[in-house]
Structure formats: structure tokens, C-alpha cells
Amino acid sequence: MPKITVLIVDDQELVRQGVRAFLDALDNIEVVAEASSGKEAIYLAEQH
């Protein structure tokens, strides 16, 4: 099964960390980046 790539976006770092910890425990999910704003998320999405 191919991995699902994920970009986590939330303005609160603690929330991003929690979501990342949850997703990192899953074998078929790869977190490629984290962003704290929509603008940053768009930039990072274009890079991946």
C-alpha cells in the first residue's frame, strides 16, 4: 500500500505536535511538513 503524504497545518504548535505524534505511529502515513499558517502551508505544499 502506498504511503499517504500529509502536511499538518495549525497555528498552535502543541496541536501540530499532537497530530504529528498520532500520525507518526501509523505505518501508511508520512508527514512531509508542518505549517503554522495558510500562507506557509501553500508554500510548503508547492515544495512537496
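Count the sequence shown with my numbering and you get residues 65 to 112, in order. Virtual Cβ for every residue (Gly too), placed ideally from N, Cα, C.
Opposing strand residues paired with residue i [DSSP bridges]
{"i": "residue 99", "result": "73"}
{"i": "residue 68", "result": "93"}
Residue from the options whose Cα sits closest to the Cα of residue i
{"i": "residue 75", "options": "95, 87, 111 and 104", "result": "104"}
{"i": "residue 69", "options": "79, 97, 78 and 77", "result": "97"}
{"i": "residue 72", "options": "78, 111, 91 and 83", "result": "83"}
{"i": "residue 66", "options": "77, 81, 91 and 79", "result": "91"}
Rounded straight-line distance, which links the Cα of residue j to that of residue i
{"i": "residue 88", "j": "residue 102", "result": "22 Å"}
{"i": "residue 110", "j": "residue 78", "result": "25 Å"}
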